[in-house]
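4 protein chains.
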Amino acid sequence: MRALVYEGPRSIQIKNVPDAKIEQPTDVLVRVTATNICGSDLHMYEGRTDMEPGRVLGHENLGEVVEVGKAVQQIKVGDWVCLPFNISCGCCRNCEVGQTSACLTLNPGHAGAAYGYADMGPYEGGQAELLRVPHADFNCLKLPRAAQENQNDYVMLADVFPTGYHATELANVQPGESVVVYGAGPVGLMAAYSSVIRGAAQVMIVDRLRDRLALAEKMGVIPIDDSKVSPVEAVLNMTDGQGADKGCECVGYHAHDPRGREHNNMTLNNLIQSVRATGMIGVVGVYAPQDPKSTNVLAKQGQAAIDWGALWGKGLRVGTGQTNVKNYNRRLCNLIEAGKATPSFIVSHELPLEDGPEAYKHFDSREEGWTKVVLKPAR
Amino acid sequence: MRALVYEGPRSIQIKNVPDAKIEQPTDVLVRVTATNICGSDLHMYEGRTDMEPGRVLGHENLGEVVEVGKAVQQIKVGDWVCLPFNISCGCCRNCEVGQTSACLTLNPGHAGAAYGYADMGPYEGGQAELLRVPHADFNCLKLPRAAQENQNDYVMLADVFPTGYHATELANVQPGESVVVYGAGPVGLMAAYSSVIRGAAQVMIVDRLRDRLALAEKMGVIPIDDSKVSPVEAVLNMTDGQGADKGCECVGYHAHDPRGREHNNMTLNNLIQSVRATGMIGVVGVYAPQDPKSTNVLAKQGQAAIDWGALWGKGLRVGTGQTNVKNYNRRLCNLIEAGKATPSFIVSHELPLEDGPEAYKHFDSREEGWTKVVLKPAR
Amino acid sequence: MRALVYEGPRSIQIKNVPDAKIEQPTDVLVRVTATNICGSDLHMYEGRTDMEPGRVLGHENLGEVVEVGKAVQQIKVGDWVCLPFNISCGCCRNCEVGQTSACLTLNPGHAGAAYGYADMGPYEGGQAELLRVPHADFNCLKLPRAAQENQNDYVMLADVFPTGYHATELANVQPGESVVVYGAGPVGLMAAYSSVIRGAAQVMIVDRLRDRLALAEKMGVIPIDDSKVSPVEAVLNMTDGQGADKGCECVGYHAHDPRGREHNNMTLNNLIQSVRATGMIGVVGVYAPQDPKSTNVLAKQGQAAIDWGALWGKGLRVGTGQTNVKNYNRRLCNLIEAGKATPSFIVSHELPLEDGPEAYKHFDSREEGWTKVVLKPAR
Amino acid sequence: MRALVYEGPRSIQIKNVPDAKIEQPTDVLVRVTATNICGSDLHMYEGRTDMEPGRVLGHENLGEVVEVGKAVQQIKVGDWVCLPFNISCGCCRNCEVGQTSACLTLNPGHAGAAYGYADMGPYEGGQAELLRVPHADFNCLKLPRAAQENQNDYVMLADVFPTGYHATELANVQPGESVVVYGAGPVGLMAAYSSVIRGAAQVMIVDRLRDRLALAEKMGVIPIDDSKVSPVEAVLNMTDGQGADKGCECVGYHAHDPRGREHNNMTLNNLIQSVRATGMIGVVGVYAPQDPKSTNVLAKQGQAAIDWGALWGKGLRVGTGQTNVKNYNRRLCNLIEAGKATPSFIVSHELPLEDGPEAYKHFDSREEGWTKVVLKPAR
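Those protein sequence lines, which keep their order, are chains A, B, C and D. Taking our numbering, the leading residue of the first sequence gets 2, the next gets one more, and so forth. Taking our numbering, the leading residue of the second sequence gets 2, the next gets one more, and so forth. Taking our numbering, the leading residue of the third sequence gets 2, the next gets one more, and so forth. Taking our numbering, the leading residue of the fourth sequence gets 2, the next gets one more, and so forth.
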């Protein structure tokens with residue numbers, strides 16, 4: 002089959018690789034019809050992880066089931082499914098309480114597995130024609146028929162929509178509250194969108210890319226351009242000097258200031274100042290346990306200089322980590338089906354798999370207009 | 002009246018000061034019969050805050066009501082009451098949702114007020130014969146009659162018991178879980194005790210003072226002496242290598258290693274390593290927004306070098322800040338009254354007010370055997 | 002002052018009564034500029050309660066503060082305020098945990114007090130020129146300046162909006178869920194509206210008055226006319242035969258079938274059948290502890306024949322009772338101020354106080370088009 | 002194999018039946034070493050359900066794995082396991098959110114499946130030498146080695162301990178609260194025990210069998226003999242006339258008064274009177290959707306005459322239904338392993354399988370001293 006293969010830093014190639022296939026009786030095989038490039042793919046692309054050359058990327062996948070293992074009971078050939086990027090067994094101590102992002106059995110020695118991802122198990126990604134899905138009864142979200150016509154909405158259920166939503170859940174965003182989101186990339190836009198869906202009264206988003214801020218503004222979110230104003234001051238000014246009720250971190254450890262310098266603590270400390278005493282912060286931007294290629298001494302070893310005194314003095318609560326997609330994907334799917342959510346508004350490019358290498362290049366350079374790329378592998 | 006007055010770093014004196022009195026129609030006046038020295042008093046005692054000389058310390062107070070303001074409706078002369086260390090109005094946006102530690106009206110410009118405390122408003126402390134209690138209907142916990150005979154238990158409801166309990170609430174300790182508490186001072190002991198009360202299956206506590214570890218062991222808590230073993234390894238060994246389900250930070254920014262060197266991030270990073278993926282951490286040890294007298298560059302400005310990559314990778318949730326005493330004091334009082342909690346087990350010394358200056362000296366030096374001092378001002 | 006006075010069954014008169022005035026130092030006096038007639042006023046109007054003749058009705062009140070008691074600290078003359086229909090002290094065991102609908106001190110011997118309401122204390126209602134507001138710092142919601150121009154939205158914060166919202170909170174309505182609301186009166190419309198605000202994917206409402214169903218349909222809610230179809234079957238058909246995720250009861254004990262016969266268990270048993278196993282139901286329709294004038298033997302003594310076997314078999318959870326207005330009014334106010342909620346859409350009539358008696362007559366007969374009446378007492 | 006077979010009302014026989022065996026690749030086969038008789042078995046025994054003659058009873062099972070299906074990944078031959086009485090797939094919409102008592106796939110057309118139980122699917126019970134366990138990776142709780150020596154504690158994890166615990170979870174029992182439990186059968190005793198474990202300050206239990214009340218008293222629970230006093234008055238007297246904070250229903254639809262007459266609403270209405278305004282009630286006693294053999298007209302059709310007016314007036318919240326064993330069994334197992342819970346204290350008889358028919362007879366007659374029977378099938 003044709004697949005996008007990681008060859009090394011900033012090198013992704015289209016190649017022929019052996020077909021994905023059923024390996025366990027609980028697997029199914031999916032013909033991938035939509036697969037996104039994710040911001041976190043860029044960490045691997047840029048060579049800042051220990052991703053092995055030769056692996057297939059892609060953890061935001063949707064497609065049609067073409068073969069089922071002998072022990073699969075709920076999923077049938079012909080079902081259209083969207084696959085949570087976390088692969089989980091459904092049976093371990095973490096999975097059984099909904100903590101599927103920390104599955105204990107599928108990536109022994111670590112908590113959590115994923116498709117085509119550094120340090121998250123041997124599972125190949127879906128930027129390819131076929132994808133093997135382990136523990137299919139547990140991992141497949143069966144889609145309504147209409148999903149075929151509307152794949153760009155439903156494919157967002159694999160990661161980016163539940164990830165943005167998770168930020169708002171960790172921050173416990175309630176109807177009538179104010180929320181500030183740092184980062185207007187796809188995840189940040191989904192966090193702001195989720196805040197709107199949850200009935201927030203006031204949603205603010207901080208970034209400096211005009212196209213992204215414009216997308217946010219279209220849904221009633223207040224854009225704050227941090228290349229022009231202090232985002233903390235802007236938020237305080239709009240919240241009677243108190244700060245927003247809740248905050249979402251959607252940037253991660255490669256946060257950089259408007260002049261392009263990386264500060265892994267920048268958005269975190271801005272959030273601590275931007276959120277009011279008693280508030281909550283959801284952190285879904287990725288932070289790595291070490292970052293040897295960083296130039297910052299603390300960052301190299303996975304540390305960040307946090308304004309802990311201010312955080313504690315305000316009595317803030319902070320939730321972190323990868324989303325548990327399965328906690329949210331069914332309800333978010335209902336919203337799409339009911340026409341009440343159309344997360345495809347972030348899609349800037351829909352391209353054949355063959356254009357993947359080029360797409361990575363543009364997306365990695367944060368080029369104006371390259372918000373979100375959906376690849377279409379299936380012929 | 003006689004009172005303990007802060008005169009400057011490491012100088013506390015017994016002095017005659019003007020009697021406390023009713024200032025607002027919603028005040029009551031309390032004859033203080035029991036008032037504790039708190040570990041956080043030591044930050045002021047040591048001169049590491051901007052506490053003003055001439056002020057009366059003491060925020061853990063219990064006594065008898067001797068006069069009531071004209072607008073007071075529920076509290077009567079002769080009532081025995083315990084006063085939450087947080088003073089709160091009961092009416093602001095924070096108080097009305099139970100966030101009394103962040104009252105917006107009693108210390109304008111800051112969130113939260115307290116008796117006899119740096120930066121927490123003009124309210125005098127209770128290490129004195131009389132105490133003025135603002136918003137008395139809201140702030141007084143009326144005690145059962147038996148409390149008079151048993152003041153050392155009930156006075157713990159002012160701060161240390163609800164503070165320890167708050168750590169377990171922020172960490173959402175559930176029956177059957179494992180918990181690790183860093184710090185076996187009075188607050189840490191109360192966090193461990195609260196974990197036991199909540200039905201934890203396994204409670205571990207880390208410290209190096211033998212008398213404190215012994216107190217913990219008596220209630221079925223596993224002591225870990227960090228001057229002899231790595232506390233992280235000890236916890237991992239006792240939890241199948243996974244880490245405890247939940248963690249409590251009860252030390253704060255002056256955490257020091259067994260050799261006496263301060264590291265404001267030490268217990269936090271140990272907790273991140275000691276708690277399993279998906280876990281929660283409650284931080285009730287005090288962290289200040291700046292600490293000019295620290296020798297550490299980050300600490301000076303209130304920052305700590307946190308293992309944020311590890312924290313995020315494990316998907317931990319962290320709650321912080323001062324307890325909201327009123328959320329817990331009524332239920333904890335019920336436990337004392339029913340004979341199911343006797344927090345006075347931490348009391349090492351019960352002394353007249355006059356011995357206060359001496360008591361501060363011993364307590365400040367973390368002398369073996371000086372766990373908790375109750376002063377008895379009333380004659 | 003001029004006031005609407007309850008004289009006996011189906012007799013409400015405009016009369017001159019002594020001016021309301023400050024009675025306690027914690028009171029304020031409000032010039033009432035908007036006051037609603039509530040569906041629950043009709044129980045009193047119809048003589049099915051033990052309301053005393055001579056009392057002033059009206060518990061949904063908004064106006065301007067014209068005098069403040071000496072112990073009032075936050076509220077000033079000239080403030081515009083909306084008053085929660087529950088009057089609460091802010092200091093008792095129930096108020097301090099947000100259960101203001103069950104205040105233990107303002108109506109001794111009962112839990113809960115209200116303005117102008119049978120069995121809820123001696124407090125006069127606001128269908129008058131002036132209103133005495135006890136414990137004003139706690140009970141007044143201070144409104145933004147713009148509220149004066151937009152009183153029909155803000156007056157809904159006194160009761161009907163938080164009551165509808167409470168149904169969705171008791172049912173824990175989550176984004177992406179399906180909800181069925183029984184009753185499209187003002188409260189039912191607000192429950193449906195709250196479900197929409199909370200991001201429900203599918204909201205259904207059951208009633209038979211066309212104008213009310215039409216109002217629901219305008220906001221994207223699916224109307225079900227129970228004079229034409231079985232509402233249970235309709236809901237099951239729209240939810241794959243499983244039932245809605247959540248349900249709201251917004252009718253109460255005088256529920257009647259399309260032919261006009263009362264069945265106090267009708268909507269409850271319909272809900273049990275309409276909600277899926279594991280679901281939750283919020284019941285905010287009023288049920289009285291006895292109803293001597295009912296013709297039904299069980300109903301007379303406040304009992305209802307509930308399908309308890311079905312309820313239990315499905316593992317349903319049911320929350321009941323009056324809303325705690327203060328839990329929600331601040332956040333719902335934010336939504337109005339931000340232009341994201343306009344609950345005035347239910348207002349059918351805005352009338353001078355003098356038209357009150359006539360308005361009661363029309364509203365009581367459930368006349369087509371009389372959805373919600375706002376009276377304007379102040380000259 | 003030898004098994005206890007239901008032959009018809011009040012007729013249970015030991016018989017030879019075909020060996021249980023692996024039927025699906027996700028099954029395991031367990032050699033049953035401990036299996037309890039449950040109070041709910043008596044509904045079947047007495048012929049008040051539509052249980053089919055010829056079926057094997059027994060849904061509280063523990064034993065050793067002797068064979069595993071080909072798709073089983075976590076469970077091995079030789080593992081000691083306790084089986085939740087609810088059988089669940091782990092993959093459906095309900096299971097994935099922890100609502101395993103309402104599994105949608107294992108008993109099509111109903112929510113929920115169980116071993117050897119009327120209307121809960123074709124699964125045979127464990128009162129036999131061998132038991133087939135479907136979806137074994139999900140359904141088996143792997144026990145610590147020590148469990149073999151201590152089976153009477155661990156077998157309680159199959160049903161009765163998590164069921165009692167569920168009552169306290171539905172009622173959200175908090176440390177320091179007061180709780181009243183109706184029914185001191187095995188489930189009621191476990192609800193009281195769970196309340197103690199959760200740190201309740203005051204636990205009361207209502208029954209009339211002296212041996213059961215004595216067991217309760219031994220763990221510090223206050224016994225109330227409803228053949229001697231009004232239980233409602235007793236509870237009110239012990240709670241300042243307010244009622245208990247929380248209540249647990251552990252009797253079910255065959256509740257009978259001290260004179261032996263059945264009233265399916267008796268314990269429910271007593272609870273409504275015994276619990277204070279704002280309280281919560283957990284109902285785990287069984288209620289059937291119909292009860293044709295009842296002599297009460299409402300009860301026949303599964304209805305109960307509930308004091309709904311009083312319930313609503315107090316703003317009570319009620320949770321109902323079968324426990325989701327998997328939500329609790331792992332944490333309760335930890336408590337047993339740590340020596341902090343010994344639920345075997347309810348065991349009155351440990352008997353070979355052959356004595357099962359006789360044991361049913363005694364247990365069904367509520368004979369003094371027959372609290373809980375553990376059968377030991379394996380040779």
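Positions of the beta carbon are idealized from the N, C-alpha and C atoms, including for glycine. Since the model is a prediction, treat every value here as computed from it, not as a measurement.
Look at the region 158–216 of chain A and you find these whole runs of beta strand (DSSP E), each 3 residues long or longer: 179–183 and 203–208. Apart from the 5 residues on each side of it in sequence, residue 322(B) sits with its Cβ closer than 7 Å to the Cβ of 102 in its chain, given in chain order. When the five nearest sequence neighbours on each side are left out, the beta carbons in the same chain lying within less than 8 Å of the beta carbon of residue 307(A) are those of 266, 269, 270 and 273, in order along the chain.
Residue state for residue 241(D) is assigned as coil, using DSSP reduced to three classes. The beta-bridge partner set that DSSP reports for residue 81(B) consists of 65(B). Chain order gives the chain B residues near residue 341(D) as 202, where near means a beta carbon separation below 7 Å.
Neighbours of residue 99(D) in chain A, taken as residues whose beta carbon is under 8 Å from its own, are 97, 98 and 99 in chain order. The DSSP-derived three-state label of residue 333(A) is helix. Per the C-alpha coordinates, the member of 162(C), 237(C), 16(C) and 23(C) positioned closest to residue 325(C) is 162(C). Below the 9 Å Cβ cutoff, chain C contributes no neighbours of residue 110(B), its closest Cβ being approximately 16 Å away. Restricting attention to 335(D), 257(D) and 366(D), the CA atom closest to the CA of residue 146(D) is found in 335(D).
Look at the region 325–353 of chain B: the residues with a C-beta under 7 Å from a C-beta of chain C are 327 and 331. Taking 7 Å as the cut-off, the beta carbon of residue 182(B) is found closer than this to the beta carbon of residue 249(B). Proximity of residue 26(D) to chain A, defined by a Cβ-Cβ separation below 7 Å, is satisfied. Under DSSP, residue 321(B) forms a beta bridge with 284(B).
Per the C-alpha coordinates, the member of 79(B), 190(B) and 178(B) positioned closest to residue 149(B) is 79(B). Assignment of beta-bridge partners to residue 359(D) by DSSP yields no partner. Contact note: residue 199(B) reaches chain D through 176, 199 and 200, using a C-beta cutoff of 8 Å and chain order. Using a C-beta cut-off of 8 Å, the region 13–23 of chain A makes no contact with the region 85–105 of chain A, since fewer than three inter-stretch Cβ pairs fall below that distance.
Spatial neighbours of residue 293(A) in its own chain (CB-CB distance under 8 Å, excluding positions within 5 residues in sequence) are listed in chain order as 301. A distance below 8 Å between beta-carbons, with the five flanking residues on each side excluded, links residue 76(B) to the following residues of its chain, in chain order: 29, 66, 69, 82, 137, 138, 141 and 143.
Residue 127(C) places its beta carbon less than 7 Å from that of residue 116(C).
Annotation: residue 27(C) is outside any alpha helix (DSSP H) and is labelled neither H nor E by DSSP. Annotation: residue 274(D) has no Cβ neighbours in chain C at a cutoff of 8 Å; minimum Cβ distance is about 11 Å. Rounded to the nearest angstrom, the gap between the Cα atoms of residue 44(C) and residue 347(C) is 20 Å. Exclusion of the five residues before and after residue 175(D) leaves no residue of its chain whose Cβ lies closer than 6 Å to its Cβ. Between the region 179–193 of chain A and the region 55–65 of chain A there are fewer than three inter-stretch CB-CB distances shorter than 8 Å, so the stretches are not counted as touching. At a cut-off of 7 Å, the C-beta of residue 139(A) has a neighbouring C-beta in chain D.
Only buried fits residue 186(D), as 16 or more other CB atoms lie within 10 angstroms of its CB.
Beta-carbon to beta-carbon, residue 288(B) and residue 46(B) are separated by about 18 Å, too far to satisfy the 8 Å threshold. With its beta carbon less than 7 Å from one in chain A, residue 322(B) belongs to the interface.
Among the CB atoms of chain C, none fall inside 7 Å of the CB of residue 114(D).
If the five residues before and after residue 12(D) are omitted, its C-beta is found closer than 7 Å to no C-beta atom of its own chain. Residue nearest to residue 283(A) within the set 177(A), 213(A) and 164(A) is 164(A) (criterion: CA-CA distance).
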